[in-house]
Amino acid sequence: MAETQAERLAKELTMEPKNALLKADDDTLSKALDFAEGYKAFLDNAKTEREAVKETIKAAEEKGFKEFEYGKVYNAGDKVYINNRGKSIALCVIGKEAVEKGVNISAAHIDSPRLDLKPNPLYEEIELALFKTHYYGGIKKYQWTAIPLALHGVFALKDGTVKEVSIGENENEPKFVINDLLPHLAQEQSKRTLNEGIKGEELNVLIGSHPFKDDKGSNLVKLNILKILNEKYGIVEEDFLSAELEIVPAFKACDIGFDRSLVGAYGQDDRVCAYPALKAILDVEAPEKTAVAILADKEEVGSMGNTGLDSDFLRYVIGDLAKMQNGDGTIAIRNSKCLSADVNAGLDPTFQDVMERRNASRLNYGVVVTKYTGARGKSGTSDASAEYMAYIRKLLDDNNIFWQSGELGRVDLGGGGTVAQFIANLGIDVVDLGVPVLSMHAPFETTSKLDIYMCYKAMYEFMK
Ligand code: MN
Ligand code: MN
33 MAETQAERLA KELTMEPKNA LLKADDDTLS KALDFAEGYK AFLDNAKTER
83 EAVKETIKAA EEKGFKEFEY GKVYNAGDKV YINNRGKSIA LCVIGKEAVE
133 KGVNISAAHI DSPRLDLKPN PLYEEIELAL FKTHYYGGIK KYQWTAIPLA
183 LHGVFALKDG TVKEVSIGEN ENEPKFVIND LLPHLAQEQS KRTLNEGIKG
233 EELNVLIGSH PFKDDKGSNL VKLNILKILN EKYGIVEEDF LSAELEIVPA
283 FKACDIGFDR SLVGAYGQDD RVCAYPALKA ILDVEAPEKT AVAILADKEE
333 VGSMGNTGLD SDFLRYVIGD LAKMQNGDGT IAIRNSKCLS ADVNAGLDPT
383 FQDVMERRNA SRLNYGVVVT KYTGARGKSG TSDASAEYMA YIRKLLDDNN
433 IFWQSGELGR VDLGGGGTVA QFIANLGIDV VDLGVPVLSM HAPFETTSKL
483 DIYMCYKAMY EFMK
């Protein structure tokens, strides 16, 4: 049957988003599946920002990256990294053009919502030993009870040594848990709002029950825990005061679904963009413009502090690169472009009401470009310009990258922000691009393998 005029016009004029799994060829699909294998391994090896930096350095050095030396001159094609306190990192591939002409930046974050131990965390109650925690980032507190937990982080001792801790990840290692009330006795608890179902001070982690055997003394369970920690790490209770210890889910990353099309794991916000950013910069060889991938800390608490992107870290990175060529850092920044790689909320079949369908991102529809974030009347937003959106659209379309446009939920319902605003504040053109996630900020988040691979392709084409 011949095409009607309306059908022809509709094809020419209207936009019809389509599931990318229906558009992708076999080669793309198999690359997406392969990519997910490396991604899952990265998730298991990098559950905290410190571990993500370590994994990044390991992978980067294998690809010829060297630690940046201030004052040394690097040439086109040289690869360097700048490690910011072991918690955030910038990877740079020097371009053929002068840095002053601008650099292409991919920025993602490697911190995730979790429970930090308080400075004085260890106590005993009714002959059980527990840790007090202080949650980090936006969590639904009730989700963190009755699941296996692991402990990661460091003790920094007064003599300068740093003891690394990771317990609960291997099969033969013990895990930890936050206990919840049994339903039989939860009548009063059930009347609380969901937000208060478990309160911050109820997020207490069970860490042991075996008392040190002695006729005298009190708090013998706690004492026994301290004895174990002392034997293992050489620490005493006071050393918790100079520690950064994080409680994270002990789950491993895995495939989700009979068809294995999805990934389930803790910490996908934002390692689902950090890993593609890392892989992309590792694959960049001798680009025209200098490429910079920055993996930042502290996004989940507002990007504050000297490892967050509200610091001068990125400014110094670009400034140092420009200076090395006797160029001007400020001019370099003004000429730079950025993809702020962070997740967006995917449309959840069970909770569709929180989204406005025409502007919601969906799993398997490709990498999601989010023109603006913010809350209510775009408060706190970084709103990408029409011109920059056009540049990014062309880049994605010219390289056959499946992508979609998205917004973070219905107007008036909530909102959120990313590192984009801090990069925009420097005077850099920036837009958010990332992967749609279900159960964002939960101990176990869901993403699509094809979307993850498209995120990698977008960042590679942007930086190469
Ligand atoms: Mn994020
Ligand atoms: Mn987040």
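Residues in the sequence shown are numbered consecutively from 33, following this note's numbering. Even glycine gets a Cβ: it sits at the ideal position worked out from N, Cα and C.
- In terms of Cβ geometry, Ser335 and Leu327 do not form a close pair [threshold 8 Å].
- When the alpha-carbon of Val112 is set against those of Ala73, Ser120, Ile433, Glu101, the nearest one is in Glu101.
- In this structure the stretch 460 to 473 lies against the stretch 366 to 377, because at least three pairs of beta carbons, one per stretch, are closer than 8 Å.
- DSSP places Lys86 in the uninterrupted alpha helix (DSSP H) bounded by 81 to 94.
- Nearest C-alpha to Ala364 among Pro153, Ser274, Asn136: Asn136.
- In this structure, the C-beta of Thr478 stays at least 7 Å away from each heavy atom of ligand 1.
- At the C-beta level, Ala377 and Gln175 stay beyond 8 Å of one another.
- Per DSSP, the unbroken alpha helix (DSSP H) holding Arg425 starts and ends at 418 to 430.
- Asn457 sits in a helix when the DSSP states are folded into three classes.
- The C-beta distance from Tyr488 to Phe67 rounds to 6 Å, short enough to fall under 8 Å.
- One residue after another in chain order, those with a Cβ under 6 Å from a heavy atom of ligand 2 are Asp301, Glu332, His473.
- Ligand 1 has no heavy atom closer than 7 Å to the beta-carbon of Asp191.
- Inclusion of Met486 and Phe454 in the CB contact set at 8 Å is not warranted, their separation being larger than that value.
- Leu379 carries a coil assignment under DSSP once its states are collapsed to helix, strand and coil.
- For Asp374, the Cβ falls inside the 7 Å cut-off from some heavy atom of ligand 1.
- Contact between Gly448 and Pro468 is absent: CB atoms are separated by about 14 Å, not below the 8 Å threshold.
- Put simply, of Glu270, Ile126, Arg366, Val400 the residue whose alpha carbon is nearest the alpha carbon of Lys190 is Glu270.
- Look at Thr450: its beta carbon is less than 7 Å from one of the heavy atoms in ligand 1.
- With respect to Gly169, Glu39 sits apart: the two C-beta atoms are not nearer than 8 Å.
- Around the CB of Thr225, fewer than 16 other CB atoms lie within 10 Å, so the residue is classed as exposed.
- Gly70 sits in a helix when the DSSP states are folded into three classes.
- About 4 Å separates the beta carbon of Ala182 from that of Ala282, a gap short enough to meet the 8 Å contact definition.
- Per the DSSP secondary-structure output, Glu44 pairs with nothing in a beta bridge.
- In terms of Cα proximity to Lys79, the closest of Ser368, Asp301, Ala354, Glu93 is Asp301.
- Shown here, Tyr397 sits in coil according to DSSP, grouped into three states, outside any helix or strand.
- Beta-bridge partners assigned by DSSP to Ala139: Ile326, Ser372.
- Rounded to the nearest angstrom, the gap between the Cα atoms of Asp57 and Leu458 is 40 Å.
- About 15 Å separates the Cβ atoms of Gln221 and Gly232, ruling out a contact at the 8 Å cut-off.
- As a beta-bridge residue in DSSP terms, Cys124 pairs with Val112, Val324.
- Exclusion of the five residues before and after Lys284 leaves Asp76 as the residues of its chain whose Cβ lies within less than 6 Å of its Cβ.
- Setting aside the 5 residues that flank it on each side, Glu156 is surrounded in the same chain by Asn251, Val253, Lys254, each with a C-beta closer than 7 Å to its C-beta; the list follows chain order.
- In this structure, the straight-line span from the alpha carbon of Ala312 to that of Pro180 is close to 33 Å.
- Not one heavy atom of ligand 1 lies closer than 7 Å to the C-beta of His184.
- In the DSSP assignment, Arg224 falls outside any alpha helix (DSSP H) and carries neither an H nor an E.
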